[in-house]
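Engineer:
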Amino acid sequence: MGTLGYAAMFEQFAPNDLLKWSRMAEDAGFGSVMASDHFHPWTPSQGQSGFVWAWMGALGAQTSRVRFGPGVTAPGFRYHPVILAQASATLAAMFPGRFWFGIGAGEALNEHVVGRYWPEALVRLEILEQSVEVIRKLFSGKVTRFRGEHFNVESARLYTLPETPPPIYIATSGPINAERTGRIADGIITVGAADEKIRTLLGRFEKGASDVGKNPATMARIIQLHISWAESREAAVEQAVREWPNGGMAFPKGDIRHPEDFEAMAKIVRAENFEGRVFMSPDLAEHTAHIQHFIDLGFDEVYVHNVGRNQEAFIRAFGREVAPKLRWPSRTS
């Protein structure tokens, strides 16, 4: 059975509000929460950047059923992978079977703050792969030593461990990294894109998994969909342009450092720039069909991010009118 998830966006909303809405989402029938990990918002007007790792402990304690994880954290810059392993193991021990660990290569917007040289994309992927290796070693409970090009680990061991390590999901948008993700991770996280790109991405992910003897059918396929739901089509478009202008920027954003730079670029974003990137509609049936399309493409967890400030109405409406109508195919293992 698949999962409709709530995307808790720390760039836009205060932590206490997101906690309240995540509890509402659980009550409304959402099965999981994906919480973004940002040091900065995309634009100053989005206005928030709470520390998600503190918040996830509160989420676990104040809910009883939803699974949750960061979507996503970048190891190797703000966080050494040793610390991420410790944090993840603790959450997984506190909330068995509920915590998953989402990681990615990161963006300068959040990671440049520690003052390190910001590397090229291929180097960031190397750092990501080395981080997964270190984290898995630590999840074993054994003393870990590691000497790599990007960081070292000296005689580290985790003493607080869950019975089962949390799954590691990697955010992926390109075919080369998708194949690597299949080899080293337990699942893939991506965002909405053209069907051909999605099929290629999942195909390469499955190939990478099969190449190392994994069964792709047992691995998680996760997608985050950005939507704008409002009382009219015009309001949905206006809401997207105002609240989530970065969603209309169809170019690589990983090297841009400052919210003020995104704010300047937002001035040239127009409604047509959101085509294929943010689904804008007042019609719940259209939203249901949009989500169903990605389920049919092969995703078993779909996290919906409504870009508007109308979060309570969105959660109630989607829990009542959308979630019950989704058809989740079973995958054989």
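Here the sequence shown is numbered in the numbering used here, starting from 1 and rising by one per residue.
Note that CB positions come from ideal geometry on N, CA and C, so glycine has one too.
Quick caveat, the model's predicted, so the values are computed rather than measured.
Within 10 angstroms of its Cβ, does Ile189 collect 16 or more other Cβ (buried), or is it exposed?
Structural biologist: The residue is buried, with at least 16 neighbouring Cβ atoms inside 10 Å.
Engineer: Would you tell me roughly how many angstroms separate the C-alpha atoms of Trp21 and Ser32, rounded to the nearest one?
Structural biologist: Going from the Cα of Trp21 to the Cα of Ser32 covers about 12 Å.
Engineer: State the Cα-Cα distance for the pair Leu128 and Gly102, rounded to the nearest angstrom.
Structural biologist: About 12 Å.
Engineer: Taking the alpha-carbon positions, what's the Pro324 to Arg116 distance?
Structural biologist: Their Cα atoms are separated by approximately 47 Å.
Engineer: In its own chain, which residues sit with a C-beta less than 7 Å from the C-beta of Ala271, not counting the 5 before and 5 after it?
Structural biologist: So the list reads Val237 and Val241, once near-sequence residues are dropped.
Engineer: DSSP three-state label for Phe279, please.
Structural biologist: Reduced to three states, the DSSP call for Phe279 is strand.
Engineer: Looking only at DSSP bridge pairs, what is Leu225 linked to?
Structural biologist: Bridge partners of Leu225: Val304.
Engineer: Using 8 Å for Cβ pairs, my map puts Val278 next to Trp244. What's the rounded Cβ distance?
Structural biologist: So it is a contact: roughly 6 Å between Cβ atoms.
Engineer: From Ala193, Glu260 and Pro15, pick the residue whose C-alpha is nearest to that of Glu275; which is it?
Structural biologist: Minimum Cα distance to Glu275 is reached at Ala193.
Engineer: In its own chain, which residues sit with a C-beta less than 8 Å from the C-beta of Val322, not counting the 5 before and 5 after it?
Structural biologist: Same-chain partners within the cutoff: Leu4, Leu284, His287, Thr288 and Ile291.
Engineer: So, does the stretch 76-91 touch the stretch 144-164, judging by three or more C-beta pairs under 8 Å?
Structural biologist: With a cut-off of 8 Å, the stretch 144-164 and the stretch 76-91 count as touching, because enough Cβ pairs lie within range.
Engineer: Leaving out five residues on either side along the sequence, give the residues of the same chain with a beta carbon under 6 Å from the beta carbon of Leu84.
Structural biologist: Pro75, listed in sequence order.
Engineer: Determine the direct distance from the alpha carbon of Ile295 to that of Met40, and round the result to whole angstroms.
Structural biologist: Reading off the sequence shown, one finds His at residue 40, where the question assumed Met. In a straight line, the C-alpha of His40 is about 31 Å away from that of Ile295.
Engineer: Measure the Cβ-Cβ separation of Ala93 and Pro162 and say whether it is below 7 Å.
Structural biologist: Their beta carbons are under 7 Å apart, which means Ala93 touches Pro162 by this criterion.
Engineer: Rounded to a whole number of angstroms, what is the C-alpha to C-alpha distance between Ile315 and Phe13?
Structural biologist: Each residue's Cα considered, the two are about 15 Å apart.
Engineer: Can you list, in chain order, the residues of its chain whose CB lies under 7 Å from that of Met9, leaving out five sequence neighbours each side?
Structural biologist: For Met9, where only same-chain residues beyond five positions count, the Cβ hits under 7 Å are Ser36 and His305.
Engineer: For the alpha helix (DSSP H) that contains Pro259, what are its first and last residues?
Structural biologist: Element bounds for Pro259: Pro259 to Ala266.
Engineer: Which stretch, first to last residue, makes up the beta strand (DSSP E) that contains Ala156?
Structural biologist: It spans Asn152 to Ala156 - the beta strand (DSSP E) in which Ala156 sits, taken as one unbroken run.
Engineer: Closest by CA to Glu26, which one among Arg136, Ile227 and Gln62?
Structural biologist: Taking only the C-alpha atoms, the option nearest Glu26 is Gln62.
Engineer: With DSSP as the reference, label Leu4 as helix, strand or coil.
Structural biologist: Three-state result, Leu4: strand.
Engineer: Please report the Cβ distance between Pro81 and Val134, rounded to the nearest whole angstrom; I am assuming they are in contact, meaning their Cβ atoms lie under 8 Å.
Structural biologist: Indeed, because the Cβ distance is near 5 Å, the residues count as touching under 8 Å.
Engineer: Does the distance from the C-beta atom of Ala15 to that of Trp55 stay below 7 Å?
Structural biologist: It should be noted that the sequence gives Pro, not Ala, for residue 15. Their beta carbons are under 7 Å apart, which means Pro15 touches Trp55 by this criterion.
Engineer: By the DSSP assignment, the alpha helix (DSSP H) with Phe99 in it spans what residues?
Structural biologist: From DSSP, Phe99 is part of no alpha helix (DSSP H); its letter is neither H nor E.
Engineer: Pick out whichever of Ala105, Lys142, Ala89 and Val113 has its Cα sitting closest to the Cα of Ala178.
Structural biologist: Ranking the options by Cα distance to Ala178, first place goes to Ala105.
Engineer: If you check the beta carbons only, do Ser210 and Val307 fall under 7 Å apart?
Structural biologist: No, the Cβ-Cβ distance between Ser210 and Val307 is not below 7 Å.
Engineer: Where do the N-terminal and C-terminal ends of the alpha helix (DSSP H) with Ser88 fall, by residue?
Structural biologist: From DSSP, the alpha helix (DSSP H) with Ser88 extends over Pro81 to Met94.
Engineer: Quick one: using the 10 Å Cβ neighbour count with 16 as the cut-off for buried, is Ala121 buried or exposed?
Structural biologist: By the 10 Å Cβ count, Ala121 comes out exposed.
Engineer: Let me make sure I understand the geometry here. Which of Phe51, Gly69, His38 and Ser45 has the alpha-carbon closest to that of Tyr6?
Structural biologist: That would be Gly69, whose Cα lies nearest to the Cα of Tyr6.
Engineer: Output yes or no for whether 7 Å exceeds the beta carbon distance between Ala28 and Gly319.
Structural biologist: In contact: Ala28 and Gly319 (Cβ atoms closer than 7 Å).
Engineer: Going by DSSP, what residues sit across from Ile170 in a beta bridge?
Structural biologist: Bridge partners of Ile170: Ile103 and Ile188.
Engineer: Beta-carbon separation of Pro44 and Glu263 under 7 Å?
Structural biologist: Against a cut-off of 7 Å, the Cβ pair of Glu263 and Pro44 comes out as a contact.
Engineer: Looking at Arg257 and His38, is the spacing between their C-beta atoms short of 7 Å?
Structural biologist: For His38 and Arg257, no; Cβs fall outside 7 Å.
Engineer: Quick one: using the 10 Å Cβ neighbour count with 16 as the cut-off for buried, is Tyr335 buried or exposed?
Structural biologist: No information on residue 335 is available, as it lies outside the stretch 1 to 333 that the chain covers here.
Engineer: Closest to Leu225 by C-alpha separation, out of Gly47, Pro259 and Ile198, would be which residue?
Structural biologist: Cα-wise, what sits closest to Leu225 is Ile198.
Engineer: State the DSSP-derived secondary structure class of Val66, mapped to helix, strand or coil.
Structural biologist: The answer is coil: DSSP assigns Val66 none of H, G, I, E or B.
Engineer: Based on DSSP bridge pairs, tell me the residues matched to Phe146.
Structural biologist: Answer is Val153.
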